[in-house]
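**Student:**
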């Protein structure tokens, strides 16, 4: 049977290249993969039926991360592998949702992503197949996501007013809970404009804690929802039971506005997903 793992190790085929060829320098390999899949019992026809993609860190990437997968206890090894497995196809170049919930966002250049901490993850060589898995070697071992939704929001200078409002209304504590939740976080400028859009002064909006709480609750959704799973031409319910409407082009209705997700969306958190908006989500105009 053809051993695709050997094809992921170009060093074995250097003799086929002409002397001095650009491709003659050794490329990163993933020699650890075959024995580790066997040890983790992640093999067999069931994997092929599932269409899973494994982002396999190169041997060099594992050395840099100080990780030796073969020395991990089986339970830890399985969790480590889940962090690198996705039902999405890496060849699409789009958003990848890993089985541990982390989202890898497309990077600025082809064949790369950014992880939840903004680190670049690059594809190395061509994808192959091993033990029923699509295998793509990458130059970085993925790290677990530890920051909560609240951690992310509180650390973002462009959403500082939103963070203050969450603390003021008591909703901040919810975003440190297990979840999972999806948050549509408006910018500070958008929140500053919300009062005028409601026909109020900023002082009047902040003085009415109940109104501000209802307004912020429109931005909190149950579940872990990457942009690829948002219901275009559909509706979804917030944690408070309010309804959000999506247009056929994937725009959110906010009063008389239609809002796209802003850059920086699809940010993985340990307890959910953070999306960004430039405006506050007001109830639709009747």
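Numbering (this note's numbering), first residue to last: 1 to 286. In this text, a Cβ means the ideal position worked out from N, Cα and C, and glycines have one as well.
So, with DSSP's three-state summary, where would you put residue 266?
**Tutor:** In the structure shown, residue 266 sits in a strand (DSSP, three-state: E or B).
**Student:** Go to residue 62, then tell me how far its alpha helix (DSSP H) extends in each direction, as first and last residue.
**Tutor:** Its alpha helix (DSSP H) spans residues 59-65.
**Student:** Considering just the uninterrupted stretch of the beta strand (DSSP E) at residue 222, what are its terminal residues?
**Tutor:** Residues 220-222.
**Student:** Along the chain, where does the beta strand (DSSP E) that runs through residue 105 open and close?
**Tutor:** That run of the beta strand (DSSP E) goes 103-106.
**Student:** Give me, in chain order, the residues of the same chain whose beta-carbon lies closer than 7 Å to that of residue 70; leave out the 5 immediate sequence neighbours on both sides.
**Tutor:** Within the same chain, residue 70 has close Cβ partners 32, 35, 36, 39.
**Student:** Using beta-carbon positions only, say whether residue 135 and residue 125 come within less than 7 Å of one another.
**Tutor:** Cβ atoms of residue 135 and residue 125: not closer than 7 Å.
**Student:** According to the neighbour-count rule (16 or more other Cβ atoms, all chains shown, within 10 Å of its Cβ), is residue 73 buried or exposed?
**Tutor:** Exposed: under 16 other Cβ atoms inside 10 Å.
**Student:** Do residue 218 and residue 277 count as a contact pair if the criterion is CB distance below 7 Å?
**Tutor:** Against a cut-off of 7 Å, the Cβ pair of residue 218 and residue 277 comes out as no contact.
**Student:** Could you name the residues of the same chain whose beta carbon sits closer than 8 Å to that of residue 183, not counting the 5 residues immediately before and after it, in chain order?
**Tutor:** Within the same chain, residue 183 has close Cβ partners 149, 153, 175, 219, 220, 221, 272, 273, 274, 275.
**Student:** Just to check my reading of the structure: residue 141 and residue 67 have Cβ atoms closer than 8 Å, yes? What is that Cβ distance to the nearest angstrom?
**Tutor:** Contact flag correct, Cβ pair sits at about 6 Å.
**Student:** Using DSSP with H/G/I as helix, E/B as strand and the rest coil, what is residue 36?
**Tutor:** Of the three classes helix, strand and coil, the one that applies to residue 36 here is helix, per DSSP.
**Student:** Among 178, 159, 208, 172, which residue has its Cα nearest to the Cα of residue 191?
**Tutor:** With distances taken between Cα atoms, residue 191 lies closest to 159.
**Student:** Can you tell me which of the three DSSP states residue 54 falls into?
**Tutor:** Strand at residue 54.
**Student:** What does residue 113 pair with, by DSSP beta-bridge criteria?
**Tutor:** 106, 121.
**Student:** At a cut-off of 6 Å, would you count residue 200 as near the ligand MN, judging by its Cβ distance to the nearest heavy atom?
**Tutor:** This structure does not include the ligand MN; it has no bound ligands of any sort.
**Student:** Please report the distance separating the alpha-carbon of residue 227 from that of residue 85.
**Tutor:** Those two C-alpha atoms are separated by around 19 Å.
**Student:** Apply the 10 Å Cβ neighbour rule to residue 232 and answer buried if 16 or more other Cβ atoms are within range, or exposed otherwise.
**Tutor:** Counting Cβ neighbours within 10 Å, residue 232 comes out exposed, since fewer than 16 surround it.
**Student:** Please list, in chain order, all residues of the same chain as residue 270 whose beta carbon is under 7 Å from its beta carbon, the five residues on each side excluded.
**Tutor:** Cβ neighbours of residue 270 beyond the five flanking positions: 145, 146, 147, 148.
**Student:** So, with DSSP's three-state summary, where would you put residue 148?
**Tutor:** Coil at residue 148, not helix or strand.
**Student:** By the 10 Å Cβ neighbour count, where 16 or more other Cβ atoms means buried, how is residue 252 classified, buried or exposed?
**Tutor:** With 16 or more other Cβ atoms within 10 Å, it is buried.
**Student:** Suppose you measure from the CA of residue 24 to the CA of residue 122; what does that come to, to the nearest Å?
**Tutor:** With a pLDDT of 38 at residue 24, under the threshold of 50, the predicted position of this residue should be treated as unreliable, and no value is reported.
**Student:** Give the single residue among 181, 258, 196 whose Cα lies nearest to the Cα of residue 237.
**Tutor:** Selected option, being the one with the closest Cα: 181.
**Student:** In this structure, does DSSP put residue 45 in helix, strand or coil?
**Tutor:** Annotation note: pLDDT 46 at residue 45 (below 50); position unreliable, no value reported.
**Student:** Please identify the residue among 116, 93, 53, 177 whose C-alpha is closest to the C-alpha of residue 109.
**Tutor:** The shortest C-alpha separation from residue 109 is found at 93.
**Student:** Buried or exposed: residue 155, going by 16 or more other Cβ atoms within 10 Å of its Cβ?
**Tutor:** With fewer than 16 Cβ atoms within 10 Å of its Cβ, residue 155 is classed as exposed.
**Student:** To the nearest angstrom, how far is it from the Cα of residue 76 to the Cα of residue 62?
**Tutor:** If I take the Cα positions, the gap works out to 16 Å.
**Student:** Mind listing, in chain order, the continuous alpha helix (DSSP H) runs of no fewer than 4 residues lying wholly within the region 197-232?
**Tutor:** Qualifying alpha helix (DSSP H) stretches, in chain order: 202-207, 209-217.
**Student:** Within 10 angstroms of its Cβ, does residue 115 collect 16 or more other Cβ (buried), or is it exposed?
**Tutor:** With 16 or more Cβ atoms within 10 Å of its Cβ, residue 115 is classed as buried.
**Student:** Measuring alpha carbon to alpha carbon, tell me which residue in 87, 83, 91 is nearest residue 100.
**Tutor:** Among 87, 83, 91, the Cα nearest to that of residue 100 is on 83.
**Student:** Quick one: residues in its chain with C-beta nearer than 8 Å to the C-beta of residue 209, no 5 flanking neighbours on either side, listed in chain order?
**Tutor:** Only 168, 169 meet the Cβ criterion.
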